[in-house]
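Take 138 as the starting number for the sequence shown in our numbering and just add one per residue.
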Amino acid sequence: MKNKRFPTVAVILLAVGVFWLLSDLGVLVIDIPWWPIILIIVAIGWIFNSITKK
138 MKNKRFPTVA VILLAVGVFW LLSDLGVLVI DIPWWPIILI IVAIGWIFNS
188 ITKK
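The structure is reproduced here in structure tokens:
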């Protein structure tokens, strides 16, 4: 049997892309100047979590 896992990373990337597109189109106004720092922290958390699970 295949391990069926929810594609969390894909869903998050899709959501970020949709928010980015809506922001560029002027439909949604998101003014968070420190969003790259949030993405870096989330990525470090994922990496740390995957290392500690092994």
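Even for Gly, the Cβ is constructed at its ideal location relative to N, Cα and C.
Helix, strand or coil for residue i, going by three-state DSSP, please let me know.
| i | result |
| --- | --- |
| K190 | helix |
| V155 | helix |
| L162 | helix |
| F143 | coil |
| P173 | helix |
Would residue i pass as a contact of residue j if the rule is Cβ separation under 8 Å?
| i | j | result |
| --- | --- | --- |
| L151 | L159 | no |
| I174 | F156 | no |
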